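> Below are the structure tokens for one structure; questions will follow.
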């Protein structure tokens, strides 16, 4: 992992041809970098493509980086070009995580539990992530929001779904209600006792001061800088 501009400046000129996988090594003659070989591979993609909308990543305009794989973006064919959230896999090992979260959004579609799922994000046809609506004018939950958090979590549990990471940063409070985010750990659960245990522990999570899950802090110029993991 490194700072993108630094990496790009170290790369040699790109080889010609059609390829999507490359091996870069040090050139023993010059001491610089070189492309040892390139190839065209069938890269892994998300397969649970349940939503009818697909958007190529090249159609997005980046607005702000929230995490290394989460960005605020705009898209001319979605949401009247409003700011939305793009979450995508950068590496092959991240596909499984994004696959799980994509499926979780299918489970909660239309249930007023999470942000609106706007479509699948693609790269040369394969699905690498998704787009969701941005929750405006919100803040992370505190203990005084316990009843609102319990309400949305109860709706999730009634569907037989465990969120898997109920830290306070995953509850966004806005407009007199709470929206859940980050479903990459979500799973179907048949035993209601397990869900009851998670429900009883919610108050303790909202009292936590560790900052677990927090990536972007609140400041005086924003109602909330939302953390999307």
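In this note's numbering, the protein residues as written are 886 to 1114. Don't be surprised by glycine CBs; every beta carbon is placed ideally from N, CA and C. Only a predicted model underlies this, so the values are computations on that prediction, with no experimental measurement involved.
Just how far apart, CA to CA, sit residue 1102 and residue 952?
Here residue 1102 corresponds to residue number 217 of the chain shown, with the count starting at 1. Here residue 952 corresponds to residue number 67 of the chain shown, with the count starting at 1. Note that residue 1102 scores 35 on pLDDT, short of 50, meaning its location in the model is unreliable; the coordinates nonetheless yield the value given after this. About 12 Å.
> Roughly how many whole angstroms lie between the Cα atoms of residue 998 and residue 954?
Position 113 of the chain shown, counted from the first residue, corresponds to residue 998. Position 69 of the chain shown, counted from the first residue, corresponds to residue 954. Cα-Cα distance, rounded: 23 Å.
> Residue 959 lies in the beta strand (DSSP E); which residues open and close that run?
As a first step, residue 959 must be located in the chain shown, where it is residue number 74. Segment 955 to 959, the beta strand (DSSP E) holding residue 959.
> Taking a contact to mean a Cβ-Cβ separation below 8 Å, would you say residue 1050 touches residue 1067 in this structure?
Within the chain shown, numbered from 1, the residue matching residue 1050 stands at position 165. Within the chain shown, numbered from 1, the residue matching residue 1067 stands at position 182. For residue 1050 and residue 1067, yes; Cβs fall inside 8 Å.
> Classify residue 1000 as buried or exposed, calling it buried when 16 or more other Cβ atoms lie within 10 Å of its own Cβ.
Counting from 1 along the chain shown, the entry for residue 1000 is found at position 115. Under this definition residue 1000 is a buried residue.
> Are the CB atoms of residue 1027 and residue 1127 within a distance shorter than 8 Å?
Outside the shown range of the chain, which is 886 to 1114, sits residue 1127, and nothing can be said about it.
> Considering Cα atoms alone, identify which of 984, 1042, 1038 is closest to residue 1055.
By 1-based counting over the chain shown, the position of residue 1055 is 170. Between residue 1055 and the set 984, 1042, 1038, the nearest pair of CA atoms involves 1038.
> On the DSSP bridge assignment, give the partners of residue 1005 in chain order.
Mapped onto the chain shown, residue 1005 falls at position 120. The partner list for residue 1005 (beta bridge, DSSP) reads 939, 1015.
> What is the rounded straight-line gap between the Cα of residue 1012 and the Cα of residue 978?
In the chain shown, counting from the first residue as 1, residue 1012 sits at position 127. In the chain shown, counting from the first residue as 1, residue 978 sits at position 93. Distance between the alpha carbons of residue 1012 and residue 978 is about 14 Å.
> Per DSSP, residue 1065 is paired with what?
Looking up residue 1065 in the chain shown gives position 180. Answer is 1056, bridged to residue 1065.
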